[in-house]
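Read the structure below first, then the notes.
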Amino acid sequence: SFLEKYAQHPFYKAPVGNQLHAKNWQAEAALRMLLNNLDAEVAENPEELVVYGGIGQAARNKESLRQIITLLLELDEHHSLLIQSGKPVGVVRTHPEAPRVLIANSNLVPAWATWDHFNELRSRGLMMYGQMTAGSWIYIGTQGILQGTYETFVSCAAQYFNANLSGKLLVSAGLGGMGGAQPLAATMAGAVFLGADVDPSRIKKRIETGYIDRMTDSFEEAVHWTRAAQSSKTPLSVGLVSDAGDLLQQLLDHGIIPDILTDQTSAHDPINGYIPHSLSLSEALKLRKANPSHYKELSIKSMVRHVRLMLALKAKGAITFDYGNNLREFARQGGLTNAFDFPGFTPAFIRPLFCEGKGPFRWVALSGDPEDIYTTDDALIKTFPANKGLRNWLLKAREKVKFQGLPARICWLGMGEREKAGLLFNDLVRSGKVKGPIVIGRDHLDCGSVASPNRETEAMLDGSDAVSDWPLLNLMSNTASGATWVSFHHGGGVGMGYSQHAGMVVLADGTDRADACLRRVLFNDPAMGIFRHVDAGYERAELCNRKFNLKNW
Ligand code: NAD
5 SFLEKYAQHP FYKAPVGNQL HAKNWQAEAA LRMLLNNLDA EVAENPEELV
55 VYGGIGQAAR NKESLRQIIT LLLELDEHHS LLIQSGKPVG VVRTHPEAPR
105 VLIANSNLVP AWATWDHFNE LRSRGLMMYG QMTAGSWIYI GTQGILQGTY
155 ETFVSCAAQY FNANLSGKLL VSAGLGGMGG AQPLAATMAG AVFLGADVDP
205 SRIKKRIETG YIDRMTDSFE EAVHWTRAAQ SSKTPLSVGL VSDAGDLLQQ
255 LLDHGIIPDI LTDQTSAHDP INGYIPHSLS LSEALKLRKA NPSHYKELSI
305 KSMVRHVRLM LALKAKGAIT FDYGNNLREF ARQGGLTNAF DFPGFTPAFI
355 RPLFCEGKGP FRWVALSGDP EDIYTTDDAL IKTFPANKGL RNWLLKAREK
405 VKFQGLPARI CWLGMGEREK AGLLFNDLVR SGKVKGPIVI GRDHLDCGSV
455 ASPNRETEAM LDGSDAVSDW PLLNLMSNTA SGATWVSFHH GGGVGMGYSQ
505 HAGMVVLADG TDRADACLRR VLFNDPAMGI FRHVDAGYER AELCNRKFNL
555 KNW
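The sequence shown begins at 5 in the UniProt record's numbering and counts up one residue at a time.
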């Protein structure tokens with residue numbers, strides 16, 4: 005049966021090729037992407053249905069997963085499946101241009117929106133942590149954050165290093181599902197990377213997938229390699245098996261000051277994400293279950309030390325920024341009053357892109373054929389000849405990025421460009437130039453889809469950081485526009501109580517229906533980012549607003 009073939013752990017695999025298993029391509033697309041999220045090549049811990057980002061899951065439990073698959077196989081174009089925190093709870097009557105799946109993950113009434121309450125519900129089987137693209141079935145492996153990380157490093161280089169990172173040392177920690185993009189993004193940007201992770205299996209996965217060059221558990225060896233690479237100005241990435249704070253302490257002790265310093269450990273979750281420096285990995289895994297409140301205390305103490313060390317290196321000249329994991333907030337809660345003395349990456353480097361409706365646009369070839377992605381790469385290069393950055397990115401990605409699971413591509417595109425790209429892909433499917441339909445989606449970390457005051461909406465010009473009407477409007481507008489599945493989550497990136505965000509995926513299956521949906525969704529979705537930033541008073545967004553005539557609807 006289908007379940008036996010594609011959904012038996014450890015062999016979760018998206019079907020490939022042109023044959024339908026579901027009743028239509030919309031449901032088939034959701035089915036393939038759900039299974040792709042759990043593919044062992046893609047997910048960090050498929051045994052527990054964990055895709056990435058601490059405990060970000062694709063389905064609540066194995067029974068729910070089986071039920072979702074069975075329902076998707078049956079779903080026609082006049083119904084839509086409802087998912088509540090990873091569990092199917094109903095099917096509603098809709099129409100062919102409505103989303104086939106409507107997803108709400110990890111949402112809690114604000115005054116109850118804490119990890120403690122969530123963890124209690126989760127332990128009773130009532131909730132699941134959806135992260136951003138885990139529970140909304142559009143995770144594409146570490147590539148998903150690669151270009152965003154690259155853009156961040158390049159933007160940092162432009163601001164502080166004359167646009168040249170050669171011979172510069174970039175230090176970070178956390179080499180998991182998303183953090184694992186840092187080493188490759190750093191070397192693509194020309195830098196030398198040194199990153200710590202306590203879990204050697206995570207670094208090994210990055211070696212296997214081509215994201216990191218070397219691995220060691222010796223600080224001396226790591227520094228020997230990075231020094232040599234810095235002096236010969238050769239890009240190199242090194243993963244050190246170590247606690248993040250221990251690495252920073254050693255750097256300070258040896259007088260080695262990173263040029264750039266950040267962090268991507270799963271600090272957003274002090275119990276099931278971050279690992280306190282006082283425990284070994286195996287002790288941590290045990291204590292998490294045996295005594296979560298003691299674990300949390302140790303975790304917060306360790307984050308205080310971690311941020312204090314980051315501040316010490318900053319004081320010695322390291323360009324230091326928070327990389328979206330809420331590390332500063334937990335250090336602040338632990339008593340470190342100046343934890344926010346370095347900025348988050350959005351106000352520091354990314355907001356100007358958000359003002360232009362730019363964000364992490366991505367697409368996946370449902371055929372499973374890598375050639376389909378190369379065809380889309382070539383078509384984009386031809387369609388946007390003036391966009392040199394895009395061309396460089398696509399050529400570099402083709403050379404350096406190994407696909408994980410279904411072949412996919414990430415590429416930051418803005419207002420106007422996304423719609424054009426979507427219609428172009430639909431034409432490629434229609435004319436048979438690619439061998440199967442393509443799904444188009446994005447991270448919830450986007451210009452108009454998220455409220456997250458310690459991350460995407462940190463330090464908004466008008467102080468509206470915590471206003472979450474925007475992601476709700478984004479969800480409603482994508483639902484009304486005909487996305488193929490939509491999602492609304494709480495707690496992604498920064499943890500419970502700190503963010504609300506919306507996701508969408510839209511199918512290009514070569515039909516006229518898809519043309520109409522793509523035209524609406526891929527126009528409205530980035531427009532939401534422009535509306536959001538115009539409203540907050542950003543001049544750059546206002547220029548874009550005028551350029552695209554968004555006021556004259
Ligand atoms: P993950 O759970 O897959 O990986 C986290 C890694 O951190 C693990 O490998 C773990 O071993 C390591 N780790 C935990 N504590 C450590 C410590 N004290 N020292 C060294 N290593 C330690 O998570 P991920 O998907 O890589 O995401 C990492 C963090 O970044 C999360 O908080 C996530 O929410 C956030 N995030 C940020 C962005 C962004 O764009 N800035 C995007 C996605 C995720």
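By construction, the Cβ of each residue, glycine as well, lies at the ideal position given by its N, Cα and C atoms.
- Around the beta carbon of THR488, 16 or more other beta carbons lie within 10 angstroms, which makes this residue buried.
- A straight-line Cα-Cα distance of about 20 Å links TYR164 and PHE344.
- A residue is called buried when at least 16 other Cβ atoms come within 10 angstroms of its Cβ; GLN23 does not meet this threshold and is exposed.
- Taken through DSSP and simplified to helix, strand or coil, ILE107 comes out as strand.
- By the criterion of at least three beta-carbon pairs nearer than 8 Å, the segment 364-381 is in contact with the segment 421-438.
- In this chain, SER371 is not harboured by any alpha helix (DSSP H), its DSSP state being neither H nor E.
- As for any alpha helix (DSSP H) of minimum length 4 sitting wholly inside the segment 333-372, the runs are 355-359, ordered along the chain.
- In this structure, the alpha-carbon of TYR502 lies about 14 Å from that of PHE492.
- With respect to the 8 Å criterion, ALA108 and GLN88 are classified as neighbours on the basis of their beta carbons.
- A distance criterion of 7 Å places the beta-carbon of PHE349 in contact range of ligand 1, judged by its closest non-hydrogen atom.
- In this structure, TRP416 keeps its C-beta atom at 8 Å or more from the C-beta atom of PRO351.
- Distances between the C-beta of ILE149 and the heavy atoms of ligand 1 include at least one below 7 Å.
- In this structure, LEU255 has its CB at a distance of at least 7 Å from all heavy atoms of ligand 1.
- In its chain, beyond the 5 residues on either side, ALA185, GLN186 and ALA189 have a beta carbon closer than 7 Å to the beta carbon of THR153.
- In the three-state DSSP reduction, LYS555 falls in the coil class, being neither helix nor strand.
- The bridge partners DSSP lists for CYS415 are PHE365.
- As computed with DSSP, ASN49 is found in a beta bridge with VAL54.
- About 6 Å separates the beta carbon of GLY372 from that of LEU410, a gap short enough to meet the 8 Å contact definition.
- If only uninterrupted alpha helix (DSSP H) runs of at least 4 residues are considered, those enclosed by the segment 295-334 are 296-319.
- For LYS208, the enclosing alpha helix (DSSP H) starts and ends at 204-212.
- For TRP116, the number of other beta carbons within 10 angstroms of its own is below 16, and it is reported as exposed.
- Rounded to the nearest whole angstrom, the C-alpha separation of LYS439 and ARG366 is 18 Å.
- Ligand 1 has a heavy atom closer than 7 Å to the beta-carbon of ASP247.
- Secondary structure in the segment 460-526: the beta strand (DSSP E) runs of 3 residues or longer, each lying completely within the stretch, are 489-494 and 504-512 in chain order.
- In the same chain as LYS404, and ignoring 5 residues on each side of it, the C-beta atoms closer than 8 Å to its own belong to LEU188, MET192 and GLY214, in chain order.
- As the crow flies, the alpha-carbon of LYS208 is around 17 Å from that of GLN268.
- Judged by DSSP secondary structure, MET219 falls outside any alpha helix (DSSP H) and instead within the beta strand (DSSP E) spanning 218-220.
- One alpha carbon belongs to VAL105, the other to LEU357, and they sit about 30 Å apart.
- Separation of ASN482 and GLN254 (C-alpha to C-alpha, rounded to the nearest whole angstrom) is 49 Å.
- If only complete runs of 3 or more residues are kept, the segment 73-132 shows the beta strand (DSSP E) at 83-88, 91-97 and 105-109, in order along the chain.
- Short of 8 Å from the beta carbon of ILE275, and not among the five residues preceding or following it, lie these beta carbons of its own chain, in chain order: TRP119, ASN123, ARG292, PRO296, TYR299, LYS300 and SER303.
- The DSSP-derived three-state label of PHE407 is coil.
- Straight through space, the alpha carbons of GLU421 and CYS359 are spaced by roughly 14 Å.
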